[in-house]
Amino acid sequence: MDDSLFTARADLGFAWSVKDTFLQYIRRMRDGDIAWSGGAAVTSGGEFFFPLAGVRRFSDCDVLTFRGSVVFTAHHGMLSVAITQPRITLRDGFADLSVHVGESETHIATVQLPRAIRDGNVAMWLECPVALTGGGPELFGGTYTDGEQLAPLTVRVPAGAIATSGEGALRSR
């Protein structure tokens with residue numbers, strides 16, 4: 001699919017507040033900081049928004065790539081968590097959330113996909129449950145364990161780029 005189609009709509013991407021208690025902790029710290037760049041932004045509801053960069057289809061999954069970075073720091077840099085260039089890999093009824101860590105990509109969470117909702121030219125998955133897994137506990141410095149519930153996320157993609165089947169599974173057209 002032509003990735004330039006995604007730059008014309010500012011509402012395509014995913015919104016996620018990561019974990020409320022984590023955000024509260026960062027904000028309480030004297031040197032706590034949250035910085036976003038590369039197209040990432042903050043919504044009026046306080047969620048971090050990552051704009052859609054592309055959709056790719058593979059034989060066993062579909063991959064949504066997003067632009068931007070949100071970095072959380074505190075304790076004079078000893079605490080540093082970066083959500084950078086996220087990617088959501090879609091399979092039947094669930095998805096994997098990955099981020100770039102250095103030069104590699106790390107799977108950090110599993111997302112349960114409810115049935116997609118279509119609104120005109122946009123397909124949406126609203127308030128999707130997210131659980132930490134894979135390299136997620138390490139990304140958060142071991143503070144949270146495998147299976148820890150994170151904040152739900154919402155995904156919005158062009159309806160023309162995907163087709164739904166089953167309970168929320170995506171397939172690119």
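Under UniProt numbering, think of the first position of the sequence shown as 1, with each following residue one higher. All C-beta atoms, glycine included, are put in the ideal place defined by N, C-alpha and C. Bear in mind the structure is a predicted one, so any value in this text is a computation, not a measurement.
- Contact between Leu-90 and Pro-51 is absent: CB atoms are separated by about 18 Å, not below the 8 Å threshold.
- If one requires a minimum length of 4 residues, the alpha helix (DSSP H) runs lying completely within the UniProt domain "Htaa" (14-155) are 20-28 and 136-139, in chain order.
- Exclusion of the five residues before and after Glu-47 leaves Ala-15, Trp-16 and Ser-17 as the residues of its chain whose Cβ lies within less than 7 Å of its Cβ.
- Excluding its 5 nearest sequence neighbours in each direction, Glu-105 has C-beta neighbours in its own chain below 6 Å: Ser-98, listed in chain order.
- Across the structure, Ala-53 and Phe-66 are spaced so that their CA atoms are roughly 5 Å apart.
- In summary, Arg-30 is exposed, with fewer than 16 beta-carbon neighbours lying within 10 Å of its beta-carbon over all protein chains present.
- For His-76, the CB contacts under 7 Å within the same chain, skipping 5 residues up- and downstream, are Asp-31 in chain order.
- Cα atoms of Thr-133 and Gln-149: separation of roughly 10 Å, rounded to the nearest angstrom.
- The beta carbons of Thr-84 and His-100 sit closer together than 8 Å.
- Pairing Val-157 with Val-63 gives a Cβ-Cβ distance that is not under 8 Å.
- By the Cβ neighbour-count rule, Gly-136 is buried, with 16 or more other Cβ atoms within 10 Å of its own.
- Excluding five sequence positions before and after Gly-39, the CB atoms of its chain that fall closer than 6 Å to its own CB belong to Pro-51, Arg-67 and Gly-68, given in chain order.
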